[in-house]
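The structure appears right after this line, and notes come after that.
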Amino acid sequence: MLATSIFFHLTLSSSKISKISLLFLVLLLIFQWQTTNKVSLTYLDNDEQRVQKMRLQEYPPIHITFANKNIWIPVAHWFEERNETIVAGRIANNFFQTIDINQYFFASHPRERVGVKEFEKFPYFFLLPFLYGLALFLTKFSKKQFLVFLFLPLGLLSLVGYQNDLGPYSLFPFFVSTIFLGTKDLHDKFFKKFPLRVKAIIIILILLIFIQTIGYASN
Amino acid sequence: MRLTNNIFLQLCLLIIVLFLSIFLNTYKLESVPSGFYVDEAVTGYNAYSLLQTGKDEYGVAWPIALRYFGSYSPPLYAFITSAIIEINGYSINSIRLLSSISASLMVLVAFFFLKSLKLTGNWVSPILGVLLFAVCPWNIIFARAGYEIYLGFFIFSLGALFLWMGINKGIFIPIGISLLSLSMYGAHTERFLVPIFLTSIFILFRKKMCMPYFILGILLALLIQIPNMTIATTPAFATKNDLFYSSVLTTQSVKIPLLPNPVSLLLSFTREFSSQYLTYFSPRSLFSLPDPDPQRSIPDLSVFYPWMVIPYFAGLFTIWQKRRSDNFKFIAVLSLTAPLPMALTGDPFSTQRALPLLLPLVLIMSAGADLIIQKLPCKIWITASFILLTVSGVMLWRSYFVLLPNERAKAWGYGFEQLAEEIKKHSNEKFIIDQSRTKPAYIELAFFLKYPPEKFHQEVDRSIRENYYTNARFDSYYNFGNIETRNIKWEEDVYNNLVLVGDSLAISKNQEKEHSLTQIFEIKDPLGQVVFQGFRTNPIEKCKASSFQSPLCMIKE
Chain A
1110 MLATSIFFHL TLSSSKISKI SLLFLVLLLI FQWQTTNKVS LTYLDNDEQR
1160 VQKMRLQEYP PIHITFANKN IWIPVAHWFE ERNETIVAGR IANNFFQTID
1210 INQYFFASHP RERVGVKEFE KFPYFFLLPF LYGLALFLTK FSKKQFLVFL
1260 FLPLGLLSLV GYQNDLGPYS LFPFFVSTIF LGTKDLHDKF FKKFPLRVKA
1310 IIIILILLIF IQTIGYASN
Chain B
46 MRLTNNIFLQ LCLLIIVLFL SIFLNTYKLE SVPSGFYVDE AVTGYNAYSL
96 LQTGKDEYGV AWPIALRYFG SYSPPLYAFI TSAIIEINGY SINSIRLLSS
146 ISASLMVLVA FFFLKSLKLT GNWVSPILGV LLFAVCPWNI IFARAGYEIY
196 LGFFIFSLGA LFLWMGINKG IFIPIGISLL SLSMYGAHTE RFLVPIFLTS
246 IFILFRKKMC MPYFILGILL ALLIQIPNMT IATTPAFATK NDLFYSSVLT
296 TQSVKIPLLP NPVSLLLSFT REFSSQYLTY FSPRSLFSLP DPDPQRSIPD
346 LSVFYPWMVI PYFAGLFTIW QKRRSDNFKF IAVLSLTAPL PMALTGDPFS
396 TQRALPLLLP LVLIMSAGAD LIIQKLPCKI WITASFILLT VSGVMLWRSY
446 FVLLPNERAK AWGYGFEQLA EEIKKHSNEK FIIDQSRTKP AYIELAFFLK
496 YPPEKFHQEV DRSIRENYYT NARFDSYYNF GNIETRNIKW EEDVYNNLVL
546 VGDSLAISKN QEKEHSLTQI FEIKDPLGQV VFQGFRTNPI EKCKASSFQS
596 PLCMIKE
């Protein structure tokens, strides 16, 4: 994870993707795949089966009259029973859970997930540098790097789901680099120019939030 | 293939979108959502009472804030609805109509916003923007709900539009600020949002604003606020203060024992506020997860369609790139201030209170859609738009018009209309409506029975009328006509000739047998689950079965 992050960061400004960072990313993706408790995209648990059964009864009968014959359209089956519909819903759900920023900075609070061990991946004082870094990433750096290091893990996580005690760690290099970019730029542009007193207040605040994050994690 | 700028074509397309919006906002308005939510019933009955007597349900003439269940809601919706009842008749349709009208007019507000903000380069983009607005689930949920939320949002948005126009042409500023002030009589959210929004706009655009017009606007706004000011110091004006998560902060601060309590409380607040605030922009909340409240959400559909995440991200990128221009600054203020009051409440992603966020998010998506349109060949984006909008239409039909009327019937208060029919059928019997699990039943029954307001005023607790704005405590006990709403008192009620009404858990089979009850009706929701069941008591049988042990049996004898 660390190696991927370092190599990814070192090659950020290059328009070509470094083979070493790509190799580490692939390794990370394999680990993510291996360590995730994969749930079939078409599997329905007992409650989902109950809802499916109930919903099949809710649709009105729909038909088209053609040459005096009624052609019935099985919309209920299409929407509720077909594997394609179930798979699409699952992938979308996995995708949106993965891109939920609250998951990374607030342990999914206030919309915690059922059956998932939630924890803060980063202290929330990194949120501002992350958002700022993301904007910098998109405007100043290679889009190719961005696409590969964000979308490959995103694609994988959308398919394998989120049942992993370590969380979506294949996105770690992307997050770390983005936070670093944001922090560095904020430091150079603003923090450096602040008077010593303000700097001290900001550092104390960061330390306090760090203590808070540890306190929340241990409870 | 090239689409040239054509004002006539744009106007035609706008009219088509407007008609589509009217259709979506009014189709089966009476029956979808099935049921009649308690907030709609209280609005409807108060509007009816105001129309008939000039007084609300408690007998107070044209109140500044309607007491309802102790929530003291802004009154504008009920006032206008009383006129709609006069024109359109007394029906569910009439109560919901003002929201539908506001939502249909919002299409025009969104269009003029997109035009005047000059967010888009392509002439089709504003049309696509209003189309996104008209079909998005967040818009449709509240466009078809018969209470004040949408009206407040509409007036607020109209005020914001005039304020934006006023930055370039001063004469519009007083109109904009006056409308913003008026929106504070529209819904609760705007009471908190307007001061924050107006202050932010003033700070950011003060150099560009024509000060005499701005001062005139503020004076007009204050004039409009005079009625509100008369109750500003009463509990009626601060009923939403209890939504603040103070107990959560206390619980969370305990998790940081290393730090002194004031510091840990402050840190807990920072984290709670930041997480709540961020949720309102999280793609998971906007495109995947519905509102946790079943009455404020649609099955299997969030507030926007999942594919809208693409224009959302593209729009955020555009906003960031053009962040120094005035129009994008205005959108940023509109979107960043809208969730501020909501981030102070404990509800995770309240779609109802956060409705003012809908407009800036659609504006952001429109800017994103414009960016995509400009990058793609015409044939591709037209085909993609057609496919995505068709898929959205199908998703909306499935979730809103098929699943919602069945699965959310109970959450929308289904069954009260049928219960009122049963009460009418047994008009010579006394009904006890169990209140232990249901929302306030009295107002639903008063609405569906069309109970004469003059009689109702005589039968409600008169002390409320005397301390209208200070007595915020709500008691669900009501006794009017042949109805009493309270919890069933098993030790007394079974020894009197009554009809006991409750939900499926209120009266069990064992209780039915033990207390010699006879079932006289059962009301089921569209899924076939029992919503209400009514049982007639049999005091003589009960006394016989219990060997006349109760002193109430002696009285009967």
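Chains as they are written, first to last, in this note's numbering: chain A, 1110 to 1328; chain B, 46 to 602.
Virtual Cβ for every residue (Gly too), placed ideally from N, Cα, C.
Open item on the list: Assuming Glu80(B) is part of the beta strand (DSSP E), what are its boundary residues?
Closed with: For the sequence presented, residue 80(B) should be read as Gly rather than Glu. That residue, Gly80(B), is in no beta strand (DSSP E); it is neither H nor E in DSSP.
Open item on the list: Between the alpha carbons of Asp1333(A) and Gly99(B), how many angstroms are there, rounded?
Closed with: Here chain A covers residues 1110 to 1328 and nothing more, so residue 1333(A) does not appear.
TODO: Leaving out five residues on either side along the sequence, give the residues of the same chain with a beta carbon under 8 Å from the beta carbon of Val544(B).
DONE: For Val544(B), where only same-chain residues beyond five positions count, the Cβ hits under 8 Å are His471, Glu474, Lys475, Phe476, Ile477, Ile565, Gly579, Phe580, Arg581 and Thr582.
- [ ] Assess, as a yes-or-no matter, whether the stretch 309 to 320 of chain B is touched by the stretch 1190 to 1200 of chain A under the definition of 3 or more beta carbon pairs within less than 8 Å.
- [x] Contact between the stretch 1190 to 1200 of chain A and the stretch 309 to 320 of chain B is absent: fewer than three C-beta pairs spanning the two stretches fall below 8 Å.
TODO: Out of Ile376(B), Val436(B) and Lys300(B), point me to the one whose CA is closest to Ser411(B)'s CA.
DONE: Ranking Ile376(B), Val436(B) and Lys300(B) by Cα distance to Ser411(B) puts Ile376(B) first.
Task: Interface flag, Lys469(B) vs chain A, CB-CB below 8 Å - done: Chain A contact via Cβ: absent.
Task: Leu121(B) to Asn273(B) span [Cα, whole Å] - done: Each residue's Cα considered, the two are about 12 Å apart.
Task: Assumed close pair Leu288(B), Thr390(B) - CB separation to whole angstroms, cut-off 8 Å - done: With a Cβ gap of about 4 Å, Leu288(B) and Thr390(B) count as contacting.
TODO: Check Arg581(B) in the structure and name its three-state DSSP category.
DONE: The three-state secondary structure of Arg581(B), taken from DSSP, is strand.
TODO: Measure the alpha-carbon distance for Leu1316(A) versus Val576(B) and round it to whole angstroms.
DONE: Those two C-alpha atoms are separated by around 54 Å.
- [ ] Look up Gln564(B) in the DSSP assignment and say whether it is helix, strand or coil.
- [x] Here Gln564(B) sits in strand by DSSP.
Task: Meets three-Cβ-pair contact criterion under 8 Å: the stretch 1278 to 1286 of chain A and the stretch 247 to 267 of chain B - done: The stretch 1278 to 1286 of chain A makes no contact with the stretch 247 to 267 of chain B; the number of CB pairs closer than 8 Å stays below 3.
Open item on the list: Within 8 Å of any Cβ in chain A, is that where the Cβ of Met46(B) sits?
Closed with: Unreliable placement is indicated for Met46(B), whose pLDDT of 47 sits below 50; the coordinate value is still reported in the next sentence. Taking 8 Å as the CB threshold, Met46(B) stays off the interface with chain A.
Open item on the list: Once DSSP output is grouped into helix, strand and coil, what is the label at Val576(B)?
Closed with: Judged by DSSP in its simplified three-state form, Val576(B) adopts strand.
Open item on the list: For the alpha helix (DSSP H) containing His233(B), name the first residue and the last one.
Closed with: Element bounds for His233(B): His233 to Phe250.
TODO: Would you mind sorting Gln594(B) into buried or exposed? The rule is 16 or more other CB atoms within 10 Å of its CB.
DONE: By the 10 Å Cβ count, Gln594(B) comes out exposed.
- [ ] Under 8 Å by Cβ, that's how I've got Gly4(B) and Phe358(B) pegged, so tell me the actual separation to the nearest angstrom.
- [x] Nothing about residue 4(B) can be read from this structure; chain B reaches only from 46 to 602.
Task: Assigned exposure category for Gln419(B) - 16 Cβ within 10 Å defines buried - done: Exposed is the label assigned to Gln419(B), since fewer than 16 other Cβ atoms lie within 10 Å of its Cβ.
Task: Member of Pro119(B), Ile140(B) and Ser245(B) whose CA lies at the smallest distance from the CA of Leu379(B) - done: Closest option to Leu379(B), judged by alpha-carbon separation, among Pro119(B), Ile140(B) and Ser245(B): Ser245(B).
- [ ] Classify Met46(B) as buried or exposed, calling it buried when 16 or more other Cβ atoms lie within 10 Å of its own Cβ.
- [x] Its pLDDT being 47, under 50, Met46(B) is placed unreliably by the model, and the measurement read from it follows with that caveat. Met46(B) comes out exposed.
Task: 7 Å Cβ cut-off: residues of chain B touching Pro1219(A) - done: Result: Ser320, Gln321, Thr324 and Pro393.
Open item on the list: Between Ile212(B) and Phe250(B), how many whole angstroms is the CB-CB distance? I'm expecting something under 8 Å.
Closed with: Confirmed, about 5 Å.
TODO: Return the residue from the list Gln397(B), Ile125(B), Leu54(B) and Ala454(B) that minimises the CA-CA distance to Pro78(B).
DONE: Of the residues Gln397(B), Ile125(B), Leu54(B) and Ala454(B), the one whose Cα lies closest to the Cα of Pro78(B) is Ala454(B).
Task: Buried or exposed by the 16-neighbour rule on C-beta atoms within 10 Å, applied to Glu504(B) - done: Under this definition Glu504(B) is an exposed residue.
Task: Distance between Leu1138(A) and Ala1112(A) (C-alpha atoms, nearest Å) - done: When rounded, the distance between both Cα atoms is 13 Å.
- [ ] Please state whether DSSP places Arg329(B) in a helix, a strand or coil.
- [x] DSSP places Arg329(B) in the helix class (H, G or I) of the three-state scheme.
Task: Contacts that Ile1210(A) makes with chain B (C-beta to C-beta distance below 7 Å) - done: Listed by position along chain B, the residues whose Cβ is nearer than 7 Å to that of Ile1210(A) are Leu323 and Ser327.
TODO: Report the rounded CA-to-CA distance for Phe492(B) versus Leu143(B), giving the unit in angstroms.
DONE: Looking at the two C-alpha atoms, the distance is approximately 18 Å.
Task: Beta-bridge partners of Ile343(B), as assigned by DSSP - done: Answer is Leu346(B).
- [ ] Going by DSSP, name the residue or residues bridged to Asn524(B).
- [x] Within the DSSP bridge table, the entry for Asn524(B) names Glu529(B) as partners.
- [ ] Step through the CB atoms of chain B and report whether any lies within less than 8 Å of the CB of Arg1213(A).
- [x] With the sequence shown as reference, residue 1213(A) is identified as Tyr, and Arg is not the correct amino acid for it. Taking Cβ atoms only, chain B never reaches closer than 8 Å to Tyr1213(A), which makes this a no.
Task: Beta-bridge pairing of Ala106(B) - partner residues as DSSP gives them - done: Its beta-bridge partners are Lys100(B).
Open item on the list: I'd like to know if Gln366(B) contacts chain A, where contact means its C-beta is closer than 8 Å to some C-beta of that chain.
Closed with: Yes, Gln366(B) lies at the interface with chain A (some Cβ there is under 8 Å from its Cβ).
Open item on the list: Looking at the secondary structure, which residues open and close the beta strand (DSSP E) in which Phe476(B) lies?
Closed with: Looking at the DSSP string, the run of the beta strand (DSSP E) that includes Phe476(B) is Phe476 to Asp479.
Task: alpha helix (DSSP H) segment containing Ile1318(A), residue limits - done: Its alpha helix (DSSP H) spans residues Leu1305 to Ala1326.
TODO: Mind listing the chain B neighbours of Met1163(A)? Cutoff is C-beta to C-beta under 9 Å, in chain order.
DONE: Going along chain B in sequence order, the residues near Met1163(A) (Cβ under 9 Å) are Asn451, Glu452 and Leu572.
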